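In my numbering, the protein residues as written are 480 to 918.
A virtual CB, placed ideally from N, CA and C, is assigned to each residue, including glycine.
As the structure is a computational prediction, the values presented were derived from the model and not from experiment.
Input: a single structure, listed below in C-alpha cells.
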C-alpha cells in the first residue's frame, strides 16, 4: 500500500504539471510575440528559434504550441507575403525540431547516460527498453524506428536515444518524416491569421490540426507494434544477460531483495495518523487532477498564443482571468496534498533508514560472488544461444530464398505459356514483351 500511494501521488503530480504548464507556455509565447513586434525579420527568426529550443529542452512542453506560435509569428512578419511566410515557418519549425532533438540527445541524454543510477531508473537492462534500443539501432529508415521517433513524446524519446547512445545521424534520419506532422501544425498558426477574412481558413486550420493528431496516433500504434514484434520474434536478443549490464543487473537484484526483505515498512506498521495523512493527501491529489482534466474550463480561463499580453488578467473576482475560483481552490488543495505527501514520505524514510542501511551492508558481501556468477551466465548464454540465433536467421533466409525461387519459376512458366498461346493464335509477340521484369 505504501508503494501504491506513492505511485498515486507521483502520477497525479505529473498530470497536474502537464495540465498547468501549457497554459503558462501560452502566456510566455504571447509575451514574446509582443516583444518581437517591430523587429526586423531575421532577428525575429533567430528569437523564435532560440525560444523554441528553450521550450523543447523542458520536459513538460508539448511541440504543438511551439509550431503554431512559429506559424503565427513568422507568417505575420514575413517580407515575402503569406505563401512565402508559410513556407519559411514550416522550414524553421522543422529545423528547430531537428536541432532540439540533437540537443536533447547529446547534451541531456548522453550526459545522463553516464550515471549508473539514471540508467537503472530508465531500465536500460530490461526487455522493454532493450527492445526499443534494438528497433532504434536498426540502420536506415525502418518503419519501427520512424514510428518511435515521430510518434513518441519529444523530450523523453530524444533523451532516451542519448541514454542508449544511439547514432545521432540515424536518429535525425528517422525524425525526417516528422515533417508531415510539423507542417500541418505550423500551417494551423499561419491559417489562423486569415480566419477573420473567411470561415474557410478557420475550418482548414481545424482540419489540418485534426489530421496531425491522427498522424501521431497512427505512429504511436505502429511504434507499439514494432516494440511488441521485437519482443515476440527475438526474445533472446532482449532477455539474455549482457556483460555491459552487469552493474545494472546488480542494482536490480538489490532492489528486488530489498523489496522482499523486512527492512522496508509495511502499511500495517504505520501509525493511524500517518495513514490518515497519506489517504487524505492521495484523495485530494486525485480529485484535483481529475477536476482540472475534465473541468479545466471551469478552473482556468482561456488565453491563447494570439491574445494580447496586455489583456492578461491572472485573477479578478474569480469569474474572469487566467485562474478562476475553482482553479484557485484546486491549486490550494493540490499544495495541501503535496504537504501530506511530504509528511508521509519523510516519516517512512526516517523509520526505514537504519534497517535499510544495515540490509544493504549485508548485501555488499554478496556483490563480488553474485557479479562473477552473473558474468559467467552471460558468457554461457552467448555461447549457447548465438549458434541457435544464427541457425534461426539462416532458416528464415532459406525460406525467403525458396519462396523467391518458387515465384521466379512460376513467373517463367507463365511467360512461356503466354508466348506459346500468342504463337498459336498467330499474334506477333516479342520475347521481350512476354517475359516479365523479374528476369
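Item: With a threshold of 7 angstroms on Cβ separation, who are the neighbours of residue 588 within its own chain once the five nearest residues in sequence on each side are excluded?; Value: 637, 638, 639, 640, 641 and 642
Item: Taking the C-alpha atoms as reference points, what is the distance between residue 806 and residue 794?; Value: 10 angstroms
Item: Is residue 795 close to chain D? Criterion is C-beta to C-beta, closer than 9 angstroms.; Value: In summary, chain D is missing from the structure at hand, where a single protein chain is found.
Item: If we count Cβ pairs, one from each stretch, closer than 8 angstroms, do we get three or more for the segment 769-782 versus the segment 501-512?; Value: yes
Item: Which same chain residues, not among the five before or five after residue 615, have their C-beta less than 8 angstroms away from its C-beta?; Value: 624, 627, 628, 640, 643, 645, 649, 650 and 653
Item: Does the separation of the CB atoms of residue 606 and residue 714 fall below 9 angstroms?; Value: yes
Item: In whole angstroms, what separates the C-alpha of residue 551 from that of residue 584?; Value: 28 angstroms
Item: In chain order, which alpha helix (DSSP H) runs of at least 4 residues are fully inside the segment 715-747?; Value: 725-739
Item: Provide the residue(s) that pair with residue 779 in DSSP beta bridges, ordered along the chain.; Value: 802
Item: Taking the C-alpha atoms as reference points, what is the distance between residue 860 and residue 719?; Value: 7 angstroms
Item: Kindly indicate the opening and closing residues of the alpha helix (DSSP H) around residue 572.; Value: 560-582
Item: Report buried or exposed for residue 755, applying the criterion of at least 16 other Cβ atoms within 10 angstroms of its Cβ.; Value: exposed
Item: Taking buried to mean at least 16 other C-beta atoms within 10 Å of its own C-beta, is residue 535 buried or exposed?; Value: buried
Item: Rounded to whole angstroms, how far is the Cβ of residue 670 from the Cβ of residue 689, which I believe are closer than 8 angstroms?; Value: Rounded, the Cβ-Cβ distance is 13 angstroms, inconsistent with contact.
Item: For the alpha helix (DSSP H) containing residue 773, list its first residue and its last residue.; Value: 751-773
Item: Does the contact criterion of 3 or more C-beta pairs under 8 angstroms hold for the segment 566-581 versus the segment 697-705?; Value: no
Item: Return the CA-CA distance between residue 513 and residue 788, expressed in angstroms with no decimal places.; Value: 7 angstroms
Item: Can you tell me whether DSSP reads residue 526 as helix, strand or coil?; Value: helix
Item: Contact check, residue 737 vs residue 599 under 8 angstroms by CB: the rounded distance?; Value: Not quite, the Cβ-Cβ distance comes to about 13 angstroms (not below 8 angstroms), so this is no contact.
Item: Helix, strand or coil for residue 490? Go by DSSP, reduced to three states.; Value: helix
Item: Let me know the secondary structure DSSP gives residue 549 once reduced to three states.; Value: helix
Item: Indicate the three-state DSSP secondary structure (helix, strand or coil) for residue 616 in the structure shown.; Value: coil
Item: Taking 8 angstroms as the cut-off, does the CB of residue 524 come closer than this to any heavy atom belonging to the ligand MN?; Value: For the structure depicted, the ligand MN is absent and the ligand set is empty, with no information on it obtainable.
Item: Can you have a look at residue 746 and say buried or exposed, based on whether 16 or more other CB atoms are within 10 angstroms of its CB?; Value: exposed
Item: If we ignore side chains and look at the alpha-carbon of each, how far apart do residue 879 and residue 622 end up?; Value: Since pLDDT at residue 879 reaches only 47, below the 50 mark, its modelled position is unreliable, and the value read off the structure follows with that caveat. Cα to Cα, residue 879 sits roughly 20 angstroms from residue 622.
Item: Could you check how far apart the C-beta atoms of residue 659 and residue 706 are, in whole angstroms? I think they sit under 8 angstroms.; Value: Not confirmed; about 22 angstroms, so no contact.
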